[in-house]
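As structure tokens, the structure follows; a few thoughts come after it.
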Amino acid sequence: MAEQAASLDASGDFPRDNIDRLRQRGFLSLAVPQQYGGAGAGLAELQQAIAAIAWGEPATALIVCMQYLHHLRLAENENWSRAAAPAGFFTMPSSGEA
Numbered sequence: 001m002a003e004q005a006a007s008l009d010a011s012g013d014f015p016r017d018n019i020d021r022l023r024q025r026g027f028l029s030l031a032v033p034q035q036y037g038g039a040g041a042g043l044a045e046l047q048q049a050i051a052a053i054a055w056g057e058p059a060t061a062l063i064v065c066m067q068y069l070h071h072l073r074l075a076e077n078e079n080w081s082r083a084a085a086p087a088g089f090f091t092m093p094s095s096g097e098a
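Mind the numbering: the sequence shown is residues 1 to 98 in full-length UniProt numbering, read in order.
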């Protein structure tokens, strides 16, 4: 991710490739509760993941951080969607891609 950081900053493009790589490696569902197919990671583990991502590409880390916060909030909701969790519950902006 670090190799793309400067060009992403200059272009303002959304880091789709970075997000795809993180989704494939399970990073996007770290904050999803285990009973819904995620890792159920705690705050310390999430902080470590965000720090590691930020080391290479800070903008991608910010996106992931916002997703983790969203997942943690949804996990407190009894209407959490079981279908959304395995997919990483992530939609690409303006494209509608899941």
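We put the beta carbon where it would ideally sit given N, CA and C, even for glycine.
- About 4 Å separates the Cβ atoms of A2 and G56, confirming a contact at the 8 Å cut-off.
- Closest option to A75, judged by alpha-carbon separation, among Q34, R23 and E45: Q34.
- Inclusion of A49 and L30 in the CB contact set at 8 Å is warranted, their separation being smaller than that value.
- Between Q67 and L28, the gap from beta carbon to beta carbon is short of 8 Å.
- I63 and L69 have their C-alpha atoms spaced approximately 10 Å apart.
- Distance from the CA of G26 to the CA of L43, rounded to the nearest whole angstrom, comes to 16 Å.
- Cβ contact annotation for P58 (same chain, cutoff 8 Å, sequence separation greater than five): A5, in chain order.
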